[in-house]
Every structure is written in C-alpha cells, then in structure tokens.
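Student: For reference, the structure I am asking about is given below.
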Amino acid sequence: MIITGSRESPLLVYITALIALMLTLMPLPRSLGVLWPNLLVLVIIYWSMMMPRAGGILIGFLGGLAIDVFVGSQLGQHALALSLLCYLGIRLHLLVRAKPLFEQALFVLAALLIYEGVLWAIDGFSNQSTGTWTRWLHSFTGAAIWPLVAGLLGRLHSPR
Amino acid sequence: MAFAGGGLNSPSARDTAPGPRFFVFAVLSILLMYFDQRDGWSQRIRYVLQGAAYPVQVAVGSPRLLWNSTVDLFSTRATLRRENTELKARERELSLTAMRFAALEQENARLRGLANGLPPLVKRSQLADVVSADLSSQRQRLVIDQGDRAGLYRSQAIVDATGLVGQLVRVGPWSAEVMLISDPGHAVPVEILRNGVRTVAEGTGNEDEMRLSLLPATADVKAGDTLVTSGLGGVFPAGIPVGTVVEAVRDPDDILARVRVRPRASLARDRQVMALWFNPESPMAPVDSALVRELPEAPLARPVLEPPSPATKVTKP
Numbered sequence: 091m092i093i094t095g096s097r098e099s100p101l102l103v104y105i106t107a108l109i110a111l112m113l114t115l116m117p118l119p120r121s122l123g124v125l126w127p128n129l130l131v132l133v134i135i136y137w138s139m140m141m142p143r144a145g146g147i148l149i150g151f152l153g154g155l156a157i158d159v160f161v162g163s164q165l166g167q168h169a170l171a172l173s174l175l176c177y178l179g180i181r182l183h184l185l186v187r188a189k190p191l192f193e194q195a196l197f198v199l200a201a202l203l204i205y206e207g208v209l210w211a212i213d214g215f216s217n218q219s220t221g222t223w224t225r226w227l228h229s230f231t232g233a234a235i236w237p238l239v240a241g242l243l244g245r246l247h248s249p250r
Numbered sequence: 675m676a677f678a679g680g681g682l683n684s685p686s687a688r689d690t691a692p693g694p695r696f697f698v699f700a701v702l703s704i705l706l707m708y709f710d711q712r713d714g715w716s717q718r719i720r721y722v723l724q725g726a727a728y729p730v731q732v733a734v735g736s737p738r739l740l741w742n743s744t745v746d747l748f749s750t751r752a753t754l755r756r757e758n759t760e761l762k763a764r765e766r767e768l769s770l771t772a773m774r775f776a777a778l779e780q781e782n783a784r785l786r787g788l789a790n791g792l793p794p795l796v797k798r799s800q801l802a803d804v805v806s807a808d809l810s811s812q813r814q815r816l817v818i819d820q821g822d823r824a825g826l827y828r829s830q831a832i833v834d835a836t837g838l839v840g841q842l843v844r845v846g847p848w849s850a851e852v853m854l855i856s857d858p859g860h861a862v863p864v865e866i867l868r869n870g871v872r873t874v875a876e877g878t879g880n881e882d883e884m885r886l887s888l889l890p891a892t893a894d895v896k897a898g899d900t901l902v903t904s905g906l907g908g909v910f911p912a913g914i915p916v917g918t919v920v921e922a923v924r925d926p927d928d929i930l931a932r933v934r935v936r937p938r939a940s941l942a943r944d945r946q947v948m949a950l951w952f953n954p955e956s957p958m959a960p961v962d963s964a965l966v967r968e969l970p971e972a973p974l975a976r977p978v979l980e981p982p983s984p985a986t987k988v989t990k991p
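Here the protein sequences line up with chains U and E, keeping their order. Just so we're aligned, residue 91 is where the first sequence starts under my numbering, counting upward by one. Just so we're aligned, residue 675 is where the second sequence starts under my numbering, counting upward by one.
Set out below in structure tokens:
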C-alpha cells in the first residue's frame, strides 16, 4: 500500500486520478475546451492496464461517478462508461501493454470512442441533448497525447 | 462466468475475474441512472456528493479567481478613478429612473384598484460568488458558493446586475449549480417588450447567443427588440430583461423565423450573481416559490409548444 514498497500501489492510482480529474475539469476557452482530452479517462485506462489489481474496476466506477457529479450528468452515466473501459483495460492489459506506444494509442483511440459512444447512447436513451459532432473530438486528441501520458505515468512507478 | 476463460489474459487467479466485478458495477450504474431520472432518494446522494465535490470545484476554479484578483491588484489609480466617475454618473441616472419607477408603481396600483401600494416583487436577495464555470457547447453551468445553508432552493431564479442569468438546477449544502439561460437544455418563456408577443428563448450552448425557434415567420420581431421574461412557466417572474434580438431572418420556404438573441447578462464573465426570493403577493411573481420547492421535480422552463390560453395568465385579477 506504500508507493515505493509494493509494485501495485492503489495510493498512487488514486492520487494521479485526482490530479487528472482536476486538470480535466479546468475551465478553458471554448475552442480549446472542445479539444481538451479527458485526462482522467486516459489515466484510468493507463492504470487499469499497468496495475490491473491496484484500482480494479472500482477506480473506473468512482472516477466516472466523480465526473457525473462535477459535470452534472445523470448519476451513473460516466460511471458505467468508465467501468466498461476499466474492464476492457484489465481484460486486454497483457495484449496492449506489450505493444509499442503508437499501437497503444490506436487501442486508446478505440477505447475513447467506445467511451463517448456509451455516453452518447445513454444521452439518446434518456431523451437528452446528444450534442454535436464536436463531442467526439476529444477522443482523437486523447489518443494523440497518449504517449505523453504513458511516459509521465511510467516514471511514477518502477518499471516492470 | 462466461467472460473468465481468456487464454492470453489469465496470468493469475484475481486477474481472471474482472467480468463479475464489472457486471456488479454496471448494474449499480444503471440502477443509479434509473433512480436519478426519477428524482427519488438519489437526490439525497446527490446532495452529499455535491458537498463532497465543493472543495475540488473551488480548487479547479481557483486559477480563474487568482487571475481576476491579480488583475484587480494591478488596476491603477487612474482606472479606479475613471470607474468611480462612471459609476457615479450611472448612479444618478438610476436614481432618476427609480424615482419615475416609484411613481409608475403607484399609478399601477391605483389602476388596479388597490388601496395600498403593490408589495415589492423581490422579497430577499443573496449575493453569491461564482466559484467555477463550465461553458461548453453541451453544458453552460456556473457553480456558486452559496447553497442550501443559505436557503437557496432548486429552480430559483438567478440574475446579475444587467439581466437574467439562469436558474438553480442542483443545490448542495455549501454550493449550487446554475443552469445558464444559454444552456442547450434551457428554455425561458419571454415576451417582446415592444409589442408583447410571447415566445420561448432557447439556449444554444454558446454564452453569447440564444434563439427564438418557435416564432412564425409572420411574427413581428426585428433586430434591436428587447426581450423580457413573460412570467409564464412558473420559474421566473415577469419583466426581467433577458436579451436583445440581434438578427431576425425570414426564409420564404420556412414557416418559422430564425431569430438570434444576445443575452443581456454577461453570462461568461460574471463574478457575482444574485439569487432572488419573490413575494408571492406581487402580481409579477411566478407561482409561489414555496410551492415550487415542494414539488418533487421542480418544473424547469420547458418550451411552450402552443400559444398560451388566456386562462393560464399569471396575473391575478
């Protein structure tokens, strides 16, 4: 449970997720806000692949619930989408983490599109505004900065 | 479990079972969504979470506040003096208007056959600082630093010095969330001040623009018209400035006019807003605000799809 001691430390996962949540919620000008990646989702994908036992699906659920509260969407909407990504990350972690960063970024792109797709579907089912096409843009910027996120987070835990 | 048999991804016993756990969390999420739609006990969970979220919201909004106060710190004596003279001029102007307003109110009361003057519309007001702002194309919200503890309630009207800002959609213990009139999910019943034509102004997801999407092409509306709240819909009182018509386009092929409106309040730049409590005896007031509070789901302003019948008038005889 201590950052330096064990290989999978939940504390590290929760702290980085909290920081990522704050960066994600930062108020930004309109043009930048559309492109701003959801860093919390990226961080949670990373940890679910690198430390599948530290956060588990719980971190995805809690992180999604936090987004729901801050963004004001229905409780459970982001929680469901992010739990799904966590599940996929844990299921495929051995497959994906062996790949070079570029190929990982493609997996991440697919994951982010699934994430936004789930949100979009729930918006549609519950008769809410499904937004414009710009809501999908953050998936692409998210995948584009994946190498950066993976590099930064990789320094925080000892290499395998 | 059917998910658990992966050949490639089964290095240890614990890793092989994300399926059942995912199933549990998925069911939990769906239950939450289901109850959140129905407005039951999940409101209490919301309330607690809203309180827990407040510190993070303050932290997230702090760079903006820091920037604002830095700008304040460096404002020079000259700008302050200029601002002061401007404010004094404005104050003179306003006190003149207020004088006329008092006379008009007296006359209005006399015309209505009331012996004593009308009760004031606003019973109480509460200033609140904007803690953080979420101004995206899907959501236009502000978080303010007053909540349930200050007596704020859901679907309360929020204004700033210039006009209507929005209404409260969520109230936590120390904070509340304002849905701006420019939110794509928001619609406010308005009337054109010049001729009393009633319609609905919808948000577009852009804090500088709203739209009147239910006006027929033959409606009498032109650029420069001022819109005020009509008092219908039970959330806002009548007569609060909403915005100015920027452009009214009439396409001969289209039954409806395309009207763009610029909100009067500076929605994105507000640092302080005001929550209002209305006097239910005032003829301008929306339905009794205590009544709104007791409704399980407070009525958000929804587009009125047919012209209001005379019976739905808010004005009391």
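Cβ coordinates follow ideal geometry from the N, Cα and C atoms, glycine included.
Listed from N- to C-terminal order along the chain, which residues in the segment 153-172 of chain U have their beta-carbon within a distance smaller than 8 Å of any beta-carbon of chain E?
Tutor: Flagged, chain order: Gly-154, Leu-155, Ala-156, Val-159, Phe-160, Val-161, Gly-162, Gln-164, Leu-165, Gly-166, Gln-167, Ala-169, Leu-170.
Student: How would you list, in chain order, the residues of chain U whose beta-carbon sits under 9 Å from the beta-carbon of Pro-858 of chain E?
Tutor: Neighbours of Pro-858 of chain E on chain U, chain order: Ser-219, Gly-221.
Student: For the segment 110-139 of chain U, which residues have a beta carbon sitting closer than 8 Å to at least one beta carbon of chain E?
Tutor: The segment 110-139 of chain U vs chain E, Cβ under 8 Å: Leu-111, Met-112, Leu-115, Met-116, Pro-117, Arg-120, Gly-123, Val-124.
Student: Quick check: Gln-800 of chain E and Gln-820 of chain E, are their CB atoms within less than 8 Å of each other?
Tutor: Yes. Within cutoff.
Student: Determine, using beta carbons only, whether Val-920 of chain E comes closer than 8 Å to chain U.
Tutor: Taking Cβ atoms only, chain U never reaches closer than 8 Å to Val-920 of chain E, which makes this a no.
Student: According to a CB-to-CB cut-off of less than 9 Å, which residues of the segment 726-747 of chain E neighbour chain U?
Tutor: Per Cβ criterion, the list reads Ala-726, Ala-727, Val-730, Gln-731, Ala-733, Val-734, Gly-735, Pro-737, Arg-738.
Student: What's the C-alpha gap between Ser-963 of chain E and Thr-903 of chain E?
Tutor: Low local confidence applies: a pLDDT of 47 at Ser-963 of chain E is under 50, so the model's placement there is unreliable, and no value is given.
Student: Just the chain E side, please: which residues come within less than 8 Å of Thr-224 of chain U by C-beta, in chain order?
Tutor: The contacting residues are Ser-811.
Student: For the beta strand (DSSP E) that Pro-692 of chain E lies in, which residues bound it at each end?
Tutor: No beta strand (DSSP E) holds Pro-692 of chain E; the alpha helix (DSSP H) holding it covers 692-712.
Student: Run the CB neighbour count on Gly-870 of chain E, radius 10 Å, all protein chains shown included, and call it buried at 16 or more, exposed below.
Tutor: Exposed, because fewer than 16 other Cβ atoms sit within 10 Å of the Cβ of Gly-870 of chain E.
Student: Could one say the Cβ of Gly-145 of chain U lies closer than 8 Å to chain E's Cβ atoms, at least one of them?
Tutor: Not closer than 8 Å to any Cβ of chain E, the Cβ of Gly-145 of chain U fails to qualify, so no.
Student: Does any residue of chain U bring its CB to less than 8 Å from the CB of Pro-692 of chain E?
Tutor: Yes, Pro-692 of chain E counts as interfacial toward chain U.
Student: Give every residue of the same chain whose Cβ lies closer than 6 Å to the Cβ of Ala-807 of chain E, excluding the five residues on either side of it in the sequence, and list them in chain order.
Tutor: Closer than 6 Å at the Cβ level, and outside the excluded window around Ala-807 of chain E, lie Leu-816.
Student: Relative to the C-alpha of Gln-946 of chain E, which candidate in E:Val-839, E:Leu-785, E:Arg-718 has its C-alpha closest?
Tutor: Comparing Cα positions, the closest option is E:Val-839.
Student: Gln-724 of chain E and Arg-844 of chain E look like a contact to me (Cβ under 8 Å); what is the Cβ gap, rounded to whole Å?
Tutor: About 6 Å; that satisfies the 8 Å criterion.
Student: Could you tell me if Pro-970 of chain E is buried or exposed, where buried requires 16 or more neighbouring beta carbons within 10 angstroms of its beta carbon?
Tutor: Because the pLDDT at Pro-970 of chain E is just 49, under 50, the model does not fix this residue reliably, and the point stays unresolved.
Student: Give the DSSP bridge partners of Gly-877 of chain E, in chain order.
Tutor: Its beta-bridge partners are E:Met-884.
Student: Look at the Cβ atom of Trp-236 of chain U, then the Cβ atom of Leu-132 of chain U, and state whether they are nearer than 8 Å.
Tutor: Contact: yes.
Student: Report the residue ranges of all alpha helix (DSSP H) runs contained in full by the segment 747-824 of chain E; include only those spanning at least 4 residues, in chain order.
Tutor: Runs of the alpha helix (DSSP H) inside the segment 747-824 of chain E: 751-785.
Student: Is the CB of Arg-181 of chain U under 8 Å away from at least one CB in chain E?
Tutor: It does: the Cβ of Arg-181 of chain U has a partner Cβ on chain E nearer than 8 Å.
Student: Report whether the distance from the Cβ of Ala-942 of chain E to the nearest heavy atom of the ligand ADP is below 7 Å.
Tutor: With respect to the ligand ADP, the structure offers nothing, as it holds no ligand at all.
Student: Would you check if the segment 907-923 of chain E and the segment 860-867 of chain E touch, i.e. whether three or more CB-CB distances between them fall below 8 Å?
Tutor: The answer is yes - the segment 907-923 of chain E touches the segment 860-867 of chain E, with three or more Cβ pairs under 8 Å.
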